[in-house]
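The structure appears below as structure tokens.
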Amino acid sequence: MDKEREMITTNEAADIVKVKPSTIHKYVKQGELKPVYEDNWHIDNTKLFYKEDVEELKKKKGKPGITTGEASKLLGLHTATIFQYIQQGLLAVEKKLYKG
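For the sequence shown, the UniProt record's numbering begins at 1 and goes up steadily by one.
So this is what it looks like as structure tokens:
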């Protein structure tokens with residue numbers, strides 16, 4: 001075990017990935033995130049994770065791009081205007097399925 005690597009709790013991991021702690025537990029069960037200790041060890045009803053592993057999971061699970069609503073806020077335009085720009089070919093879009 002590398003003691004120089006920063007460790008964080010389940011709740012801190014959930015905050016970083018922007019999910020509920022139960023989702024972090026699901027990622028562990030699915031093998032998508034490994035706790036520092038492989039057995040059932042935990043402290044205060046939480047597991048510990050390496051922060052860099054959680055950051056990597058966040059990149060992997062992150063939302064691809066932005067929504068039309070987010071684009072309208074960024075550009076200071078109404079969403080209807082964003083849709084018009086898309087229909088006119090002024091804004092390139094790519095539709096992606098995202099399950100957060």
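Ideal placement from N, C-alpha and C gives every residue a C-beta, glycine not left out.
Here the structure is a predicted model, which is why all the values come from computation and not from measurement.
Whether or not the segment 7-14 and the segment 47-58 are in contact is what I'm after, with contact meaning three or more pairs of Cβ atoms, one per stretch, closer than 8 Å; do they touch?
The answer is yes - the segment 7-14 touches the segment 47-58, with three or more Cβ pairs under 8 Å.
Rounded to the nearest angstrom, what separates A14 and K73 at their Cα positions?
Approximately 26 Å between the Cα atoms of the pair.
Grab the span of the beta strand (DSSP E) containing Y50 for me, first residue to last.
From DSSP, the beta strand (DSSP E) with Y50 extends over L48 to Y50.
Mind checking who T67 pairs with in its DSSP beta bridge?
Paired residues: none, contrary to the question.
Would you check if the distance between the CB atom of L57 and the CB atom of V17 is smaller than 8 Å?
Yes, they are a contact pair.
By the 10 Å Cβ neighbour count, where 16 or more other Cβ atoms means buried, how is I66 classified, buried or exposed?
Counting Cβ neighbours within 10 Å, I66 comes out exposed, since fewer than 16 surround it.
Hey, quick one: how far does the alpha helix (DSSP H) through E12 stretch, first residue to last?
T10 to V17 is the span of the alpha helix (DSSP H), which, as asked, contains E12.
Within the continuous alpha helix (DSSP H) that includes H25, where are the two ends?
Unbroken alpha helix (DSSP H) run through H25: P21 to K29.
Can you say whether P35 is buried or exposed, counting buried as having 16 or more other CB atoms within 10 angstroms of its CB?
Classification for P35: buried.
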